[in-house]
Amino acid sequence: RGVARAILAGASGQIRNMATIGGNLLQRTRCAYFYDDAARCNKRVPGEGCDAIDGFNRIHAILGASPACIATHPSDMAVALAAFDAIVHVEGGAGKRTIPLVDFHRLPEGRPDIETQLAPGELITAVELPTPVTTRSTYRKVRDRASYAFALVSVAAAIDVAPDGTIADVRIALGGVAHKPWRAFTAEAALRGQRADAVTFRAAAEEELAPAAPLRDNAFKIELAKRAIVATLGDLTGEPA
Ligand SMILES: Cc1cc2nc3c(=O)[nH]c(=O)nc-3n(C[C@H](O)[C@H](O)[C@H](O)COP(=O)(O)OP(=O)(O)OC[C@H]3O[C@@H](n4cnc5c(N)ncnc54)[C@H](O)[C@@H]3O)c2cc1C
Ligand code: SF4
12 RGVARAILAG ASGQIRNMAT IGGNLLQRTR CAYFYDDAAR CNKRVPGEGC
62 DAIDGFNRIH AILGASPACI ATHPSDMAVA LAAFDAIVHV EGGAGKRTIP
112 LVDFHRLPEG RPDIETQLAP GELITAVELP TPVTTRSTYR KVRDRASYAF
162 ALVSVAAAID VAPDGTIADV RIALGGVAHK PWRAFTAEAA LRGQRADAVT
212 FRAAAEEELA PAAPLRDNAF KIELAKRAIV ATLGDLTGEP A
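Residue numbering for the sequence shown follows this note's numbering, beginning at 12 and increasing consecutively.
Below you can see the structure in the form of structure tokens.
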């Protein structure tokens, strides 16, 4: 359900009907400076500089950014695939290999122009979804308009609650916050074995977002991401946020 909801949250019906899985994973950032030839952009011209850092950066990253690039990855589907341990199958001149989706996209570091682990000439041939840890999964997308808008913050999550009310297993990934789908490993570790309630969810969200670094215009994303995590886990467990 989480993957289906993520796909349905993307773009419009017409675009989704034309788009492909490989193309969606490899779509480039929506950073306006990347598309503006008059702006400096290290992703477009390595070494040129980044006009977003001192510019209008409301949609940009709060986690994993670098002094070279603060862009976010725009895909909804990729966030759900990262949460649910998808495997990307690729094939190129050196043969076939697989890459876990959580490792497929790169953080910008000093080379934001290199966005994935794909080698030159390699093609995505399939994306495999393993048996889920639980069928209780969902995707929540927070955006400026109810349709046809990219995520400011999104959360893909699955949670398995034991009969005694503790969390047996959990998967969480965030979108709209980093150069790649952001798997919330810190929050997952904080949640396993704990009671499935709003207090625990909030504490785990706080831990995950502790390293977040706001820019001039996007500090709101930090609280938004925390609340989105709590609300999404609340949707799945019936715990009021
Ligand atoms: C107005 C608009 C709004 C959108 N809103 C959203 C949104 O809200 N959420 C969201 O997730 N997406 C959104 N999208 C993205 C959209 O859903 C498509 O996924 C995206 O535009 C890519 O299109 P495509 O699949 O036709 O890929 P293409 O444009 O055909 O390909 C993109 C890139 O991937 C490469 N490529 C494609 N397939 C492979 C492969 N198998 N192996 C290796 N390389 C490959 C191509 O060479 C190209 O470089 C939006 C797009 C538009 C235009
Ligand atoms: S944030 Fe990244 S994509 Fe945007 S202008 Fe800076 S280098 Fe380019």
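By construction, the Cβ of each residue, glycine as well, lies at the ideal position given by its N, Cα and C atoms.
Does ligand 2 have even one heavy atom less than 7 angstroms from the beta-carbon of residue i?
i: Asn53; result: yes
i: Thr40; result: yes
i: Ile81; result: yes
i: Asp228; result: no
i: Ala49; result: no
i: Ala216; result: no
From the DSSP secondary-structure annotation, give me the bridge partner or partners of residue i.
i: Gly9; result: Residue numbering for the chain in the displayed model covers 12 to 252; residue 9 lies beyond these limits and cannot be assessed.
i: Cys8; result: Absent from the model: residue 8. The displayed extent of the chain is 12 to 252, so no value can be given.
i: Val153; result: Val164
i: Ile178; result: Val172
i: Arg194; result: Ala184
i: Arg4; result: With the chain covering only 12 through 252, there is no way to say anything about residue 4.
i: Arg206; result: Thr177
Residue i: beta carbon under 7 angstroms from a heavy atom of ligand 1?
i: Ile253; result: This structure leaves residue 253 out entirely; the chain is present only between 12 and 252.
i: Thr31; result: yes
i: Pro85; result: yes
i: Gly58; result: no
i: Ala22; result: yes
i: Gly103; result: no
Uninterrupted alpha helix (DSSP H) stretches inside the stretch 78-151 (no shorter than 4 residues) = 88-94, 112-115
Decide if the stretch 92-103 is in contact with the stretch 178-194; the criterion is three or more beta carbon pairs, one per stretch, under 8 angstroms apart.
-> yes
Between the stretch 27-35 and the stretch 57-75, are three or more C-beta pairs nearer than 8 angstroms?
-> no
If you pair each beta-carbon of the stretch 77-85 with each one of the stretch 53-60, do three or more pairs fall below 8 angstroms?
-> yes
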